[in-house]
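Enquirer: Below you will find the structure I want to go over with you.
Encoded structure:
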């Protein structure tokens with residue numbers, strides 16, 4: 168059993184665009200609650216791609232090129248590109 172590391176933020180991943188055909192079946196509007204210990208039923212390849220950004224957001228980090236509390240990350244399949252918006256929501260403790 169995985170122990171909760173004490174997250175600062177909840178992260179929601181939303182599919183915002185699909186160019187071509189997503190082999191995992193993801194469609195625009197699909198939403199996943201993801202964390203560093205839960206892929207939220209997202210394609211493993213896409214989850215692997217968002218993981219660095221997810222870790223950053225989950226534990227209150229940010230990058231200068233991200234705007235506000237969301238970032239766009241793309242899956243590794245450049246021919247059938249899926250774009251995912253990550254949004255963080257503060258967890259009240």
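Residue numbers (the numbering used here): 168 to 260.
Cβ coordinates follow ideal geometry from the N, Cα and C atoms, glycine included.
It should be emphasised that the depicted structure is a prediction, and the values quoted were computed from it without experimental measurement.
Look at the Cβ atom of residue 240, then the Cβ atom of residue 189, and state whether they are nearer than 7 Å.
Expert: The residue given as residue 240 occupies position 73 in the chain shown. The residue given as residue 189 occupies position 22 in the chain shown. No.
Enquirer: In angstroms with no decimal places, state the Cα-to-Cα distance between residue 220 and residue 187.
Expert: Reading the chain shown from its first residue, position 53 is the one you call residue 220. Reading the chain shown from its first residue, position 20 is the one you call residue 187. Residue 220 and residue 187: Cα-Cα distance of roughly 24 Å.
Enquirer: Look at the Cβ atom of residue 236, then the Cβ atom of residue 175, and state whether they are nearer than 7 Å.
Expert: Locating residue 236 in the chain shown gives position 69, where the first residue counts as 1. Locating residue 175 in the chain shown gives position 8, where the first residue counts as 1. Not a contact, by the Cβ cut-off of 7 Å.
Enquirer: Within 10 Å of its beta-carbon, does residue 204 have 16 or more other beta-carbons around it, so buried, or fewer, so exposed?
Expert: Translated into positions along the chain shown, residue 204 becomes position 37. Exposed.
Enquirer: Give me whichever residues DSSP pairs with residue 239 in a beta bridge.
Expert: Translated into the one-based positions of the chain shown, residue 239 becomes position 72. Residue 239 is bridged to 252.
Enquirer: Applying the 10 Å Cβ sphere with the 16-neighbour rule, what's the burial state of residue 225?
Expert: For the purposes of this step, residue 225 is identified with residue 58 of the chain shown, where counting begins at 1. Per the 10 Å Cβ criterion, buried.
Enquirer: With 16 other CB atoms within 10 Å as the buried threshold, where does residue 178 fall?
Expert: In the chain shown, counting from the first residue as 1, residue 178 sits at position 11. When all chains shown are included, residue 178 counts as buried.
Enquirer: In whole angstroms, what separates the C-alpha of residue 201 from that of residue 246?
Expert: Against the chain shown, residue 201 aligns to sequence position 34. Against the chain shown, residue 246 aligns to sequence position 79. Going by the C-alpha atoms only, they are around 25 Å apart.
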